[in-house]
Amino acid sequence: MNGHTWKQRLGSLNYGQILLYALIAWFIVAFLIIPNLNVYYEIFFKGGNFSLDAVEKLLSSRRAMNSLKNSFVLAVSLMITVNLVGITLVLLTEYFQIRGARVLKLGYFTTLLYHGVVVASSYKFVYGENGLVTNALASLFPSMDKGWFHGYWAVLFVMTFACTSNHILFLGNAIRKIDYQTVEAARGMGAGTFRILWRVVLPVLKPTIFALTILTFLTGLGAMSAPLILGGTEFQTIAPMILTFSKSSTSKDLAALLALVLGLATIILLTFMIRIEKRGNYMSVSKVKSALVKQKINNKAANIAVHILGYALFLIYVTPVALIVLFSFADARSIATSTLTWNSFTLENYARLFTSMGAFRPYLVSVLYAAAASLGVVALALFASRIIHRYKNSKLAMAMEYALLIPWILPSTLIAIGLVITFNVPRLVVGNTVLTGTHWIVILGYIIIHIPFTMRMVKASFFSLDGNLEDAARNMGARTFYTFRKVLLPIVLPSTLAVLALNFIKILDDYDLTVFLYHPVYQTLGVVIKNSTDVEAGIAARAMTLVYSVVLMIMSGLVMYFVYGRGSKDK
Amino acid sequence: MIIFKDIQIHFGSFHAVKNFNLEIREGEFFTFLGPSGCGKTTILRALAGFISPSGGRIFLKDKDITDMPIEKRGIGMVFQNYALFPTMTVYENIAFGMKVRKASRAEIDAEVRDIARKVDLKETQLSKKVSELSGGQQQRVAIARALVLKPSILALDEPLSNLDAKLRVQLRNELKELQKQFGITTIYVTHDQEEALTLSDRIAVFNNGNLEQVGTPYEIYNHSGTEFVCNFIGDINRIDPVLIANSPLKAFVSSDKVAYVRNEKVNLAPIEGDDVVRLKARIVDREYYGLYSKYVLEMAGGGRMKTIEKENGRIGFAIGEETDVYIRLADIMQFDRTEREH
Numbered sequence: 001m002n003g004h005t006w007k008q009r010l011g012s013l014n015y016g017q018i019l020l021y022a023l024i025a026w027f028i029v030a031f032l033i034i035p036n037l038n039v040y041y042e043i044f045f046k047g048g049n050f051s052l053d054a055v056e057k058l059l060s061s062r063r064a065m066n067s068l069k070n071s072f073v074l075a076v077s078l079m080i081t082v083n084l085v086g087i088t089l090v091l092l093t094e095y096f097q098i099r100g101a102r103v104l105k106l107g108y109f110t111t112l113l114y115h116g117v118v119v120a121s122s123y124k125f126v127y128g129e130n131g132l133v134t135n136a137l138a139s140l141f142p143s144m145d146k147g148w149f150h151g152y153w154a155v156l157f158v159m160t161f162a163c164t165s166n167h168i169l170f171l172g173n174a175i176r177k178i179d180y181q182t183v184e185a186a187r188g189m190g191a192g193t194f195r196i197l198w199r200v201v202l203p204v205l206k207p208t209i210f211a212l213t214i215l216t217f218l219t220g221l222g223a224m225s226a227p228l229i230l231g232g233t234e235f236q237t238i239a240p241m242i243l244t245f246s247k248s249s250t251s252k253d254l255a256a257l258l259a260l261v262l263g264l265a266t267i268i269l270l271t272f273m274i275r276i277e278k279r280g281n282y283m284s285v286s287k288v289k290s291a292l293v294k295q296k297i298n299n300k301a302a303n304i305a306v307h308i309l310g311y312a313l314f315l316i317y318v319t320p321v322a323l324i325v326l327f328s329f330a331d332a333r334s335i336a337t338s339t340l341t342w343n344s345f346t347l348e349n350y351a352r353l354f355t356s357m358g359a360f361r362p363y364l365v366s367v368l369y370a371a372a373a374s375l376g377v378v379a380l381a382l383f384a385s386r387i388i389h390r391y392k393n394s395k396l397a398m399a400m401e402y403a404l405l406i407p408w409i410l411p412s413t414l415i416a417i418g419l420v421i422t423f424n425v426p427r428l429v430v431g432n433t434v435l436t437g438t439h440w441i442v443i444l445g446y447i448i449i450h451i452p453f454t455m456r457m458v459k460a461s462f463f464s465l466d467g468n469l470e471d472a473a474r475n476m477g478a479r480t481f482y483t484f485r486k487v488l489l490p491i492v493l494p495s496t497l498a499v500l501a502l503n504f505i506k507i508l509d510d511y512d513l514t515v516f517l518y519h520p521v522y523q524t525l526g527v528v529i530k531n532s533t534d535v536e537a538g539i540a541a542r543a544m545t546l547v548y549s550v551v552l553m554i555m556s557g558l559v560m561y562f563v564y565g566r567g568s569k570d571k
Numbered sequence: 001m002i003i004f005k006d007i008q009i010h011f012g013s014f015h016a017v018k019n020f021n022l023e024i025r026e027g028e029f030f031t032f033l034g035p036s037g038c039g040k041t042t043i044l045r046a047l048a049g050f051i052s053p054s055g056g057r058i059f060l061k062d063k064d065i066t067d068m069p070i071e072k073r074g075i076g077m078v079f080q081n082y083a084l085f086p087t088m089t090v091y092e093n094i095a096f097g098m099k100v101r102k103a104s105r106a107e108i109d110a111e112v113r114d115i116a117r118k119v120d121l122k123e124t125q126l127s128k129k130v131s132e133l134s135g136g137q138q139q140r141v142a143i144a145r146a147l148v149l150k151p152s153i154l155a156l157d158e159p160l161s162n163l164d165a166k167l168r169v170q171l172r173n174e175l176k177e178l179q180k181q182f183g184i185t186t187i188y189v190t191h192d193q194e195e196a197l198t199l200s201d202r203i204a205v206f207n208n209g210n211l212e213q214v215g216t217p218y219e220i221y222n223h224s225g226t227e228f229v230c231n232f233i234g235d236i237n238r239i240d241p242v243l244i245a246n247s248p249l250k251a252f253v254s255s256d257k258v259a260y261v262r263n264e265k266v267n268l269a270p271i272e273g274d275d276v277v278r279l280k281a282r283i284v285d286r287e288y289y290g291l292y293s294k295y296v297l298e299m300a301g302g303g304r305m306k307t308i309e310k311e312n313g314r315i316g317f318a319i320g321e322e323t324d325v326y327i328r329l330a331d332i333m334q335f336d337r338t339e340r341e342h
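In order, the protein sequences belong to chains A and L.
Letter by letter, the first sequence follows residues 1 to 571 of our numbering.
Letter by letter, the second sequence follows residues 1 to 342 of our numbering.
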């Protein structure tokens, strides 16, 4: 590429390539730049003149200010609790010698099977007013309030256990990479198990823990499903508040401003996180690393305590999943009363999924949306990554890459608000049509929020390609597109398909973004599951939610197995 | 046949190749030799068309190919890491270029099998994925893939550097055989002097983007054109100026020159001739290599020298032993002192 001028580069493009570049440029301008700028416009220039009305409105709204405070309280609390639980899980499964560690690990991994609204509704099913655990507790303490599971503590409890997936994946990976010789050296110098953990092992994990802490903080700040389902009236956070305001025609600016506050907080924290990432991880200096050997806890009492802790956590993780699966096979009466007998079991709920169009429809809608969006985002990422890979040193390609990262620094709530308020009037950039309330805006929303993750993965596989492959193909006369199709694409395809599957499964049960964008006639799984947690929801809807949840878990499980389990063994 | 004329190559502000001129003859096995970053691969890539020179022209059979598209140059390239397509079989890799040229299926099949036989790939290996082959076999696929298109030049960019020592020697010999068999002009890039000496008809030695010397392996080794070349190729002794001043060498080496003599040309046994200088030394170290021993000599006149002596079953010199040392004047290479050494 060196020595080639811009003129030469442009001259070598064919019409197809020019069209592709124009399409990507249009997508970036129309859906990543304009809607997000429009949010500022709507807040500060609503009547055409600059005004701080929205800010004043926000400051004088007690509900809004409370939600801001609650979100920060939740985020800070989660930073502590998720780290405590997450680090404990990783130590239990990867560092200490625990009997049945493999089984425990499977239990802790259940968070990978369900997300967001499904988790919140599952915990509500178990701990809610008619939940099995609540009933059990009530039989022990008859005077207890059966509606105990709501507000700050409930949200904190659910989110703490739901947000440990990243710890299990990334911290688990980091601890496995620790050079065991450093542990042996410390032991040789007389250090005990817990001193080694504190002075040798944990300091190496510090950068990973920092990064995870910030991610947790951001998750807490933007929390939607858990506060919405379990927060009750007393503990509402920013995202549900944005949703409420966005539904009212007079408070849209307030919704936008709250989303902007969320966005600013996200940007500040991410900048901080990038700094930490740049400081880098601790590299092992040893030439020959040896694999970590699990540590035995020699103190008998400590060993028993750690085992009890491990299995208690296991129960917390497994209970909702097990009960959801069990009750999905139960009849309506059993679901309503949370009691199970041998006679309660039936396949009726599953039969209904495939025989009743009403039951199957949300599933079908979600599958179609997820398929369209995950294909769309992967296609976009493939072409964009190819351009970035090909024109590595060009400023234009770099600008494109940064533009595509916009959704990474903005919370999905802000992106949703931007899309909704921008495209609820005809816009020239999308052919003078209104997109709000159409299928398009739902699919676009999904595509946009999944760009950063998809780009990161697909770009990484492009950049791990041997540069000589392309040269070799050119040397043998292959043209650019032929080389892309025959040589490069087959190499990046497996990882691209994995990303596609992961995106598909994440979109399938999405609620946080969908709730802003969905077409009322075409409700998705996420929306239906959330609605089934409302007090007025019927038993049939609750039964169906259990079935949806199980199907979603099975699909997630399969994807996880093919992407992480089987895939990693092949390599 | 290939002419590089006044070639300049820049990477941003870095001047990678400076005013490079060279002629390579038809059918020659020609090697670009030099340390990493000296510009040898850059020149090869410019010849193949992957890099556009910022100045100068390249001619192939009197035709200016400087701006010609890569695929029209007729240069078969073998990359350092082979650049085999990992998702394709051996057969598909070799057939790739012919498919691009839209050759008929029968023609592709015949050519692929023929070239595979010539590079010693077995019929059963053709259906394997390239990752299932050993490094040496992958190397054969890369060569077959380049040769099947019947290029007029075969360009090899450090093709043996990924292999272990024994296989390198074996493939080196096979490569030479193949080149003879096809009679194809071959340009070989390496930093390994042994490969360059054993394979090449002629060698160009590069340093810092400059061409230091072009010559046969014998000329390069025995009559190095520059101080860099004589240091880069083989083991050599720089004769201490104090020794020159205190020995009969001073009549031969002037004070504004630096003098070198190759290790094996420092003799511990007497040699005949009018131009032989006899010096005195003491053995200070000995390394036993089986076939030969390496000695470190402390010269009576000053400085140290190394020499190698073939082992012939007798016990060689012992450490501390005094000995005579014989050097033929014709074996001494002299170069002007550079500025920094004054």
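Each residue gets a CB set at the ideal place from its N, CA and C atoms; glycine is no exception.
**Item:** Alpha-carbon spacing of lysine 206 of chain A relative to leucine 171 of chain A, whole angstroms
**Value:** 10 Å
**Item:** Beta-carbon neighbours of proline 86 of chain L, restricted to chain A and to distances below 7 Å
**Value:** Ile491
**Request:** May I have the straight-line CA-CA distance separating glutamate 184 of chain A from isoleucine 87 of chain A, to the nearest angstrom?
**Result:** 22 Å
**Asked** Using the beta-carbon count (16 or more within 10 Å), is valine 97 of chain A buried or exposed?
**Response** Before going on, a small fix: residue 97 of chain A reads as glutamine here, not valine. It counts as exposed.
**Own chain, CB closer than 7 Å to valine 563 of chain A, minus 5 neighbours either side, in chain order** = Ala498, Ala501, Leu502
**Asked** Are phenylalanine 29 of chain L and aspartate 201 of chain L touching if we call contact CB-CB under 8 Å?
**Response** yes
**Asked** Would the stretch 483-495 of chain A and the stretch 411-429 of chain A be scored as touching if the rule is three or more Cβ pairs under 8 Å?
**Response** no
**Message:** Just verifying my parser: in three-state terms, what is the DSSP assignment at methionine 77 of chain L?
**Reply:** strand
**Prompt:** Counting along the chain, where does the beta strand (DSSP E) carrying threonine 31 of chain L start and finish?
**Reply:** 29-33
**Message:** If we define contact as Cβ-Cβ less than 8 Å, is methionine 77 of chain L a contact residue for chain A?
**Reply:** yes
**Item:** Length of the line joining the Cα atoms of valine 284 of chain L and valine 296 of chain L
**Value:** 6 Å
**Assigned exposure category for tyrosine 95 of chain A - 16 Cβ within 10 Å defines buried** = buried
**Request:** Look up leucine 20 of chain A in the DSSP assignment and say whether it is helix, strand or coil.
**Result:** helix
**Request:** Output, in chain order, the set of chain L residues within a Cβ distance shorter than 7 Å of asparagine 468 of chain A.
**Result:** Phe79, Asn81, Ala83
**Asked** What span of residues does the beta strand (DSSP E) with tyrosine 41 of chain A cover, start to end?
**Response** Unbroken run through tyrosine 41 of chain A is the alpha helix (DSSP H), 34-44; no beta strand (DSSP E).
**Prompt:** On the three-pair Cβ rule with 8 Å, is the stretch 265-272 of chain L touching the stretch 320-334 of chain L?
**Reply:** yes
**Message:** Determine, for aspartate 570 of chain A, whether the minimum Cβ-Cβ distance to residues of chain L falls below 8 Å.
**Reply:** Its pLDDT being 41, under 50, aspartate 570 of chain A is placed unreliably in this model, and the value from its coordinates should be taken loosely. Output row for aspartate 570 of chain A: interface = no.
**Message:** So methionine 241 of chain A and alanine 64 of chain A are supposed to be a Cβ contact under 8 Å. How far apart are they, rounded?
**Reply:** 6 Å
**Asked** In three-state DSSP terms, what is aspartate 466 of chain A?
**Response** coil
**Asked** Counting only runs that start and end within the stretch 7-56 of chain L, where is the alpha helix (DSSP H) found for 4 or more residues in a row?
**Response** 40-48
**Message:** Can you check whether the C-beta of phenylalanine 484 of chain A is within less than 8 Å of a C-beta belonging to chain L?
**Reply:** no
**Request:** Using a Cβ-Cβ cut-off of less than 8 Å, give me the residues of the stretch 99-117 of chain L that come near chain A, in sequence order.
**Result:** Val100, Arg101
**Request:** Could you pull out every residue in the same chain whose Cβ sits closer than 6 Å to the Cβ of valine 293 of chain A, ignoring the five residues on either side in sequence?
**Result:** Tyr180
**Residues of its chain near isoleucine 2 of chain L, where Cβ-Cβ distance is below 6 Å and the 5 sequence neighbours each way are ignored** = Ile24, Leu60
**Asked** What are the uninterrupted segments assigned as alpha helix (DSSP H) that are 4 or more residues long and contained completely in the stretch 152-185 of chain L, given in chain order?
**Response** 165-182
**Prompt:** Using Cβ-Cβ distances below 7 Å, what residues of the stretch 29-49 of chain L are close to chain A?
**Reply:** Ala48
**Message:** I believe asparagine 237 of chain L touches valine 261 of chain L by the beta-carbon criterion, under 8 Å. Please report the beta-carbon distance rounded to the nearest angstrom.
**Reply:** 5 Å
**Request:** Please check the pair glycine 234 of chain L and tyrosine 221 of chain L, which I expect to be a contact at CB under 8 Å, by giving their CB distance rounded to whole angstroms.
**Result:** 6 Å
**Message:** I want to verify the contact list: residues of chain L whose CB lies under 8 Å from the CB of methionine 476 of chain A, in sequence order.
**Reply:** Glu71, Phe96, Gly97, Val100, Arg145, Leu149
**Request:** For valine 487 of chain A, return the contacting residues in chain L, with the cut-off set at a CB-CB distance below 9 Å.
**Result:** Phe85, Thr87, Met88, Phe96
**Exposed unless 16 or more other CB atoms sit within 10 angstroms - verdict on lysine 124 of chain A** = buried
**Request:** Check aspartate 64 of chain L in the structure and name its three-state DSSP category.
**Result:** strand
**Item:** Buried or exposed by the 16-neighbour rule on C-beta atoms within 10 Å, applied to isoleucine 153 of chain L
**Value:** buried
**Request:** Would you give the residue range spanned by the alpha helix (DSSP H) that phenylalanine 481 of chain A belongs to?
**Result:** 480-483
**Prompt:** For the candidate residues L:Gly37, L:Glu111, L:Lys5, L:Gly97, whose alpha-carbon lies nearest to that of aspartate 62 of chain L?
**Reply:** L:Lys5
**Prompt:** Checking contacts by CB at 8 Å: is aspartate 471 of chain A closer than that to chain L?
**Reply:** yes
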